[in-house]
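Under my numbering, residue 716 is the last one in the sequence shown; the count climbs by one each step, no gaps. Below is one structure, written out as structure tokens; the observations come after it.
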Amino acid sequence: MRRTVLSILVVALLVVVPVSAAGGVVNAAGRSALASDSVSDAPTALQQGSNPCVGTMERTPDGTTLFSIQGARGSEKTSAMVVGANPNGSVVGVHNDTAAGRWWSYDIDVLSNGNVLQATTESRHTVVEEIDPETGDHVTERHFRDTLDAHDVDLINGDELLVNDMSQDGEDRVFIYNLTREEVVWEYYFANYSEQYPESGGGEFGGDWTHNNDVERIGDGTIMVSVRNFDTVVAIDRESKDVAWALGEDDNTSVLNEQHNPDYFESEDGAPTVLVADSLNDRVVEYEFEGGEANNASRASSDSSDGKWNQTWVARGGGLNEPRDADRLPNGNTLIADRRAHRIVEVTPAGDVVWEMYAPYQPYDVERVETGDESSGPTMADAGAAGTVEVTGSAPFDTADVEACYDFLTGFEDERLIPDDELDDVRSQSPTDSVGNDDGAEGEDENSSNSATDETGDSALGTPTEGSGPTPLGPLLALGVVAALLVGAFVRLRRR
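Following this line, the structure appears as structure tokens:
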């Protein structure tokens, strides 16, 4: 009988220990709830100590800077994160994606409800998640198991996700997923348009072929896509699927060289303008379309006889090393995620660094909260600042400094990303992620097998359902099971 009771106790311990541990790791940073509670009451200043991530601070912006860190140091996997930074460079909070089970961290957008929309990956598929910026909780997760490595996702038309999809079987595409119908309603397969994207171009066909890495709706019927391995940015008419215009061409690296995150905006006179992180040219570059029907995004012709793209501004040098994102701010400065320099920098039209924060390893996307998604400022032509400038004024960070910054960020305890006052401002503004109408066009292969999963909380991505992750009830249920086993054992003992 003693052996029986001992066996029951062993089984009970095997049940209660893992469940209790899971119950303690209930937040996205992967630390125990007890540890979280003990730190959350500490003043932020005590957590900051001496912030080793702050670089040049010549001016303080009006709001929080939000940026994603992909999470790689050469071939070494490091923590993927989303970081909120105050105007003075102090950290608001860190959402550790790796601790939450993710692999890469890519595009981030602040939605009109204040939540943060993020494209991440997990176990060879894409996860689109909505993060509560007050707690770091995942309000909603949608798993796209047929989408290998989406770098970008945008919420459009109020209930649709615009997503890029890089495959490894020649099925590279961009698609629109309707959250209400829970199905793909529009798709554009690059392999179907061999004139624009020949199999001989780009990367290896069937491998990393197009590496399309960014997608953006730039008009009611036009979608802009960065086709990295073709050194090209294209605008696609949603209904006809014709290429309305193209900036760059395969292997003409003087224009673009494996670019990331192009932003479309227009000059005061309506001239289409594209600001691009020209990654392998180690620069940020701006192009303006001149001539032809240049009054609308979908009307700028790629035919040189109808007009042409002119380079109007270049920021280079100063340590820029494969920039991944560049946004024009309302004040005319440009906010840059500088990948291999592991930093975020804000530069003036003249190239002066006025705000800098280090972000190891490999920052991918950056947003200034309350300025809207992508670029919201003037073109350089309108600012009268066209030309080529050298970036100057960066802080002299070395490898040890960057490592210290990484240790600081990965050890930061607070997951809040945006302060309350800014969240209130965002939520009081008119929604920017639900503008526009569904501009139609039936898609190819509409019945996709992409699956969607929701978790708890208020969500912009659909009706929330009960989550499947660990909850505080887990340990209590486990203890109940243990108690029942012990009572049963002793009852049998007394009967004997």
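Each residue gets a CB set at the ideal place from its N, CA and C atoms; glycine is no exception. The structure displayed is predicted, hence computed values, not measured ones.
Residue state for Ser614 is assigned as coil, using DSSP reduced to three classes. The beta carbons of Arg559 and Glu542 sit closer together than 7 Å. The alpha-carbon of Glu623 is positioned some 21 Å away from that of Gly613. Between Thr532 and the set Ser596, Asp471 and Val505, the nearest pair of CA atoms involves Val505. Within the same chain, Tyr484, Phe485, Glu486, Ser487, Glu506, Tyr507, Glu508, Phe509, Thr532, Thr599 and Ala601 come within 8 Å of Thr493 by CB-CB distance, once the 5 residues on both sides are set aside. By the CB criterion at 7 Å, Ala605 and Pro583 fall outside the cutoff.
Within its own chain, the residues whose Cβ lies closer than 8 Å to the Cβ of Arg437, once the five positions on either side in sequence are excluded, are Asp374, Ile376, Leu382, Ile443, Met444 and Gly656, listed in chain order. The DSSP-derived three-state label of Leu540 is coil. The DSSP assignment places complete beta strand (DSSP E) segments of no fewer than 3 residues inside the stretch 431 to 497 at 432 to 439, 442 to 447, 452 to 457, 463 to 467 and 480 to 486, in order along the chain.
With fewer than 16 other Cβ atoms inside 10 Å of its own Cβ, Ala620 counts as exposed.
By a beta-carbon distance limit of 8 Å, Phe287 contacts Val586. Their separation comes to about 4 Å.
Between the alpha carbons of Phe450 and Asp641 lies a distance of about 43 Å. Residues of the same chain with a CB within less than 8 Å of the CB of Asn477, apart from the 5 flanking positions on each side, are Asp451, Asp498, Ser499, Leu500 and Asn501 in chain order. Within the stretch 586 to 643, the complete beta strand (DSSP E) runs of at least 3 residues fall at 607 to 610. The continuous stretches of beta strand (DSSP E) do not include Tyr581, and DSSP gives it neither H nor E.
Per DSSP, Ala561 is not a residue of any beta strand (DSSP E), being assigned neither H nor E.
Under the three-state reduction of DSSP output, Phe410 falls in the helix class.
Excluding the 5 residues flanking it on each side, Gly597 has same chain C-beta neighbours closer than 6 Å at Arg548, Leu549, Pro550 and Gly552, in chain order. When secondary structure is reduced to three states using DSSP, Ser499 falls in the helix class. Between the C-alpha atoms of Gly390 and Asn432 there is a straight-line separation of about 12 Å.
In this structure Arg503 is buried. Its beta-carbon is surrounded by 16 or more other beta-carbon atoms within 10 angstroms.
DSSP places Tyr326 in the uninterrupted beta strand (DSSP E) bounded by Ser325 to Val330. Around the beta carbon of Asn384, 16 or more other beta carbons lie within 10 angstroms, which makes this residue buried. Per DSSP, Met277 is one residue of the beta strand (DSSP E) stretching across Val274 to Met277. Residue pairing from DSSP leaves Met386 without any beta-bridge partner.
Spatial neighbours of Asp462 in its own chain (CB-CB distance under 8 Å, excluding positions within 5 residues in sequence) are listed in chain order as Ile456.
The straight-line gap separating the alpha-carbon atoms of Val348 and Trp529 is approximately 34 Å. Beta-bridge partners of Val348 (DSSP): Ala339 and Arg362. Non-local C-beta neighbours of Ala570 in its own chain, meaning closer than 8 Å and more than five positions away in sequence, comprise Ala605 and Val609, ordered along the chain. In this structure, the beta-carbon distance from Asn481 to Asp428 does not fall below 7 Å. For Thr285, the CB contacts under 6 Å within the same chain, skipping 5 residues up- and downstream, are Ala305 and Arg588 in chain order.
With a cutoff of 7 Å on beta-carbon distance, Val534 and Val567 are scored as not near each other. The beta carbon of Ala546 sits closer than 6 Å to those of Leu495, Ala497, Val504, Thr554 and Ile556, all from its chain and outside the five residues before and after it, given in chain order.
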